[in-house]
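Heads up: the sequence shown begins at 17 in the numbering used here, then just goes up one per residue.
Built from N, CA and C at the ideal position, the CB exists for glycine as well.
Have a look at the structure below, then the notes.
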Amino acid sequence: MLKELQDSPVSEARVQAMLKEIVRRAVAGMIARQESGSVTEIPESYLGRIDKETGRIRDAQRARDWSVASTFAGEIARQNGLGPEAVESPAVARQVLSLLRRLNDLSARVERDFDDPLDVGRDLLIDHGLNPTREAMKPPMLLSEAIEKACEEAPHDVEIKIRVIGKVALAYFGDVPVASIVLEQSFEFLFQVWMLPKRWGKGHGRNRHEKIGKDLCPLQEIRDADARDAQLLEEILNLDTLSVPDKRRRLVVELIPRLTDGYLFVQRDMLNRIFRAALGRKRVGRDVDDEDRLVPSHAQLKNRLRAWHKSQKTPCKLPKRVSRPKRRMSWSLEHVSRLLRSPIYVGTSSPKQRSRKATARNRIIIRDAIYWVPLIMITMGVRPEEILQAAVPDVVRRDGILCLFVGEEEDAVLKNEQSRRVLPIPEILLELGFREWVVAKRKFGETWLFPEIQPDKSHGRRSQIFGDRLRNLLKTLKLHDTREDIYAMRRTLSSKLLSRGIDTGTRQRILGHLEGTTIDRHYSDHGLLELKDLLDSVDYGIEVGRDRRFDFPIIVGNRTAMQTALDVEVALTDRREISAVQLRDSETDEIVFEAAISGRKAPAEYTWNDCEALEEKDVAARIVSLGRQYSLTMPASEEATAALEHLLILVDDKPFYAPATKPSVDKETEEIENPSVVDAKPIVDNPDSRPVDLEAGDLVVCALPSRRAEPTKSTARPGIVVNTRTMAGRKFLDIAWGGPIETAGPAPHELAIAQAVEMAEAKLDIPTRFNLRRRFLVPEEDTARLHHRLGRISKSAENRLREGLLYAGDVSPEPVAEPTRKQRPLVVERRRSRSVRPPNSR
C-alpha cells in the first residue's frame, strides 16, 4: 500500500482542492439549514439519514469498496480535474470516505445541539485551508466569472487579450472554480498555449459573405498541428540524400510555426489577471512565495521554457517545433522604389483590380488608403492604426506648419500614451496635394480621412482589414516580402534618420515609442520647424509632376536606380559549408548563375548538383560581381545566410584607391588653421593616358593635395568635374574630391554614388561620396594630377549634384597650380641700443 501511495499518478494538489471544496460545501449547507426560514426535513429524519449514510461509508471502508467514494464526491472531483478512476483509487478514496464520516459527525452534532458550525468545526476548516468565517463559505468563483470580472477591470486592448486566453483556458480546464487550479496545472496549460499554431483560430470561415462560420477548438488545432509535424519530421529524417543542415533548413521552413516565447509571457500575464480577479492579490501577487503560487512567475516560466525547448529536439538536435518570430527589416530603397513605380501610384486600368497596369487610353489613380497610408508611413513613421483612425479635423496648421494630430480623440486606439503626438506633414506629401485632398474631404463633410476602412467587429481595429488588403495587393504585384512587411515601412524612416545621425530619443519621439520624461514626450508639440526639417531631409527620390489627365499632382518618376532582384539558394554540407549555389531572377525564375564548390558534393535532389564545379574563391568573386549589378535576396535560413557571407570573405575586394581615414575633431580644426601643402610629386601610373575634353558630370582619377601637414605623396582618388572654367586662355576643371561612403551616410552637401547601376555607369568599384565643399581648380593639361578618365554620372545623379551644390553654398575651389609660398620663420633679433653722450661729456 505504501508503494502504491508513492507511485500514485494522481495530483496531490488536486486532491487537496477537492477535499477543501467538500468541506466548504458541507459547512455552508449546515449554516444554510440553521438560517432557513422553514425546515424541509424534520430533525429526526435528517439525523436518521446521516446515521444511515455513515454506516454505509463504514461498511465500504471495512470491505475496501472504494467505488463508494465517487458516489459521494464524483461531481466535486470532476470540477477539480479528477476522473472517477482517480477518486476510486485507494489513496484518494480513503481520504474522501474518512472526511465524509467526520463531516457527518459534525452535521449530527450541529443538528442535535444547534451549535455554530464555524465554531465546532473550526479545527476541520483550518485543517483544509479554510478560515472559519462566513466569507470563506461563499462559493468559489468559476473560471468564466473570473474572465468577465478581469475584462471589466482591464482597458479595452487588454480586455481583448484576456478574452483570447480565457477561451483557451475554458477549453483546457473547463468552467471550474479558479481556486481548484494549482501551479502544475498552470504550467501544463501554458505549455499547451506555447504549442498553439501561430495562425490558430484563423480558419473559422467567417467573412463578409459567410457570417456563421465554424467554432474552432484550440486544443484540436494543437493536435492537428502535432500530427502534421510528426509526419513531416519522419519523412525528412528518412531522407538520406540531405545533410543535417539541409534537413534543419527544411524543417525550419516547413514545420507549422508556433507561438513565440515572448507571446507566451504576454499570455501568462493575462492568465494572472484572471486568477487575481477571482482570488485577490494575496493569492496572486508578486510577493507570493514560489511554492504558494497558482500562476508561475516569469523566472519560473523562463526556467521551464528551457526544459520545453530541450524536449522539442530530436537526438540529432533537429527541431520538432519552430516559432519563426518576425524579424522585420526596414524597407530598402529599391523596395520603396518598386512600390512607388507600381500601378498604385503610376496608374491602373481597373479600379477594382489595382494590380493591372495602366494603358494609353485608360489610366486611373485612386487616392485612398492604399495610396496615402504607405506614403505617410515611410515619410512620417506613424503606425497603420494611427493614421487609419485619423479624422479630417486632425489635420491642422500650427505655427505656420501643416501638422497631423496623432491620437487626438480620447477613444483613439493607441499602443501607448507616447503615441499621442503632433507631427508636421513632410513637404513631399504637400507636393503631392495632400492638403488639397484633405480640404476636399472637409468640403464634402466627411469625418474620417479614410472612411473606406472600417473597424473590424471583433477587435475594433482598422489596421487588420487594411493590412490584409494591402498585403494581397503587394503579393499580386510581387512586392511582398516577409521580412520587409507592411508594418516595417515606418522602420524605414527610423533607419534613414539614424543614417543622418539623428539621436535615438528624437527618433523614438517621432515614431511614438516609449521615452523618458513628459518634456520629451511633448517635444513634437514645440520645435515643429526643426522636426519638419528632419522629416524633409529624408529623400526617397520621389519626383512629382503634372499630367493633363489628372487635376492633382502625381508621381512621375523615382531617382532611385532600379536593380533586378536575384534569389540566392545554397546547399550546405554536414559541416555547414556551402557545397553549391544558385542565383535566380526573382521575376522570371531564370538561372543567372549556378556552380558547385570543387571537392564538395551537393545533395542529390538539388538540380544544380551536375553544374560546373568551381573553386571557392571563383564562386565568391562571381557572387560579389553580380551583387554590384543586381539586388541579392539572401536565403531565408539564417544558417545558410551566415555560410554565404562567410564564403564572400575570400574575395579581396579592395578599392582601387586608398580609403581616407576619418578625421578627428582636432584634425579638422588643424586643417582649417593650416593651408594645404604639397611638397612631393604624385605617383602617376601612365602620364600619356590623361583625360581630354572633360565636362561637368565626368569622373576622373586624380592626385590632389592632401590635407596632412607633412605629406609624402598625393593620394589617388576619383573626383567629379563640377564645372569648367576658362581663364587666360586656359581651361580649368572644378573638381570635387571623392571618398568611400561611411556608416553615417552622406551629408546634404555630398553626392553619393551607391547604387550598382550608377556605380557601373560611373565605373566605380565601391560606393563613393563626393564632398562638394572640398573642391580644387586643376588645369586640364596637368598630367601630374589627372590620371585617367572613369565614367559619367547618370541623369538622376546630375539632379542630385545640382541639389548638393545648393546645400554646399558659394564655394571657391582651391587652385592647385599656384605655387604655395612658404612661410618665413619668425626671427627675433636683439640689437644693442644706441647710446648718446651729453655735450659736456667731452
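Neighbourhood of residue i by C-beta distance below 6 Å, restricted to the same chain and skipping five residues each side
| i | result |
| --- | --- |
| residue 777 | 807 and 810 |
| residue 157 | 194 and 294 |
| residue 484 | none |
Opening and closing residue of the alpha helix (DSSP H) in which residue i lies
| i | result |
| --- | --- |
| residue 207 | 199-210 |
| residue 390 | 385-396 |
| residue 773 | 772-778 |
| residue 639 | 632-645 |
| residue 242 | 234-253 |
| residue 172 | 172-189 |
| residue 499 | Note, residue 499: premise wrong, no alpha helix (DSSP H); not H, not E. |
| residue 407 | Counting along the chain, residue 407 falls outside any alpha helix (DSSP H), and DSSP gives it neither H nor E. |
| residue 336 | Neither: residue 336 is in no alpha helix (DSSP H) and is coded neither H nor E. |
| residue 482 | 479-492 |
| residue 54 | Neither: residue 54 is in no alpha helix (DSSP H) and is coded neither H nor E. |
Nearest-angstrom Cα separation, counted from residue j out to residue i
| i | j | result |
| --- | --- | --- |
| residue 34 | residue 196 | 7 Å |
| residue 627 | residue 771 | 31 Å |
| residue 734 | residue 250 | 59 Å |
| residue 455 | residue 555 | 26 Å |
| residue 588 | residue 501 | 28 Å |
| residue 57 | residue 123 | 14 Å |
| residue 91 | residue 240 | 31 Å |
| residue 818 | residue 562 | 22 Å |
| residue 583 | residue 269 | 16 Å |
| residue 738 | residue 648 | 33 Å |
| residue 564 | residue 413 | 30 Å |
| residue 327 | residue 572 | 57 Å |
| residue 331 | residue 152 | 51 Å |
| residue 550 | residue 518 | 8 Å |
| residue 720 | residue 748 | 14 Å |
Minimum C-alpha distance to residue i - residue among the options
| i | options | result |
| --- | --- | --- |
| residue 376 | 384, 780, 362 and 382 | 362 |
| residue 495 | 385, 371, 607 and 482 | 371 |
| residue 887 | 43, 296 and 649 | The question about residue 887 has no answer, for the chain in this structure spans 17 to 858. |
| residue 736 | 742, 661, 805 and 143 | 805 |
| residue 860 | 569, 754, 742 and 113 | Outside the shown range of the chain (17 to 858) lies residue 860, about which nothing can therefore be said. |
| residue 793 | 632, 353 and 741 | 741 |
| residue 192 | 98, 767 and 608 | 98 |
| residue 547 | 557, 525 and 566 | 525 |
| residue 366 | 356, 357, 378 and 353 | 378 |
| residue 350 | 744, 799, 646 and 258 | 646 |
| residue 543 | 457, 472, 417 and 558 | 417 |
| residue 790 | 661, 439, 827 and 570 | 827 |
| residue 486 | 201, 505 and 465 | 505 |
Sequence-distant residues of the same chain with beta carbon closer than 7 Å to residue i, five excluded per side
| i | result |
| --- | --- |
| residue 83 | 104 |
| residue 36 | 144, 145 and 146 |
| residue 199 | 309, 310 and 312 |
| residue 1 | Because the chain here runs from 17 to 858, residue 1 falls outside it and cannot be looked at. |
| residue 769 | 775, 778, 780, 783, 784, 809 and 813 |
| residue 469 | 385, 404, 478, 481 and 482 |
Residue range of the unbroken beta strand (DSSP E) whose run includes residue i
| i | result |
| --- | --- |
| residue 71 | No beta strand (DSSP E) contains residue 71, which is instead part of the alpha helix (DSSP H) from 59-79. |
| residue 453 | No beta strand (DSSP E) holds residue 453; the alpha helix (DSSP H) holding it covers 450-459. |
| residue 766 | 766-769 |
| residue 801 | Counting along the chain, residue 801 falls outside any beta strand (DSSP E), and DSSP gives it neither H nor E. |
| residue 584 | 581-588 |
Beta-carbon proximity list for residue i, same chain, < 8 Å, skipping 5 on both sides
| i | result |
| --- | --- |
| residue 553 | 516 and 764 |
| residue 290 | 159, 162, 163, 166, 178, 181, 182, 185 and 194 |
| residue 244 | 272 |
| residue 643 | 772 |
Chain C within 7 Å of residue i, Cβ atoms only
| i | result |
| --- | --- |
| residue 631 | Of the protein chains in this structure there is only one, and it is not chain C. |
Beta-bridge partners of residue i, as assigned by DSSP
| i | result |
| --- | --- |
| residue 611 | 597 |
| residue 380 | 364 |
| residue 736 | 715 and 752 |
| residue 561 | 570 |
| residue 787 | 766 |
| residue 143 | Answer is none; residue 143 lacks a bridge partner. |
| residue 419 | 412 and 440 |
| residue 356 | Answer is none; residue 356 lacks a bridge partner. |
| residue 743 | 746 |
| residue 629 | 612 |
Closer than 6 Å: residue i CB and nearest the ligand NAD heavy atom
| i | result |
| --- | --- |
| residue 829 | This structure does not include the ligand NAD; it has no bound ligands of any sort. |
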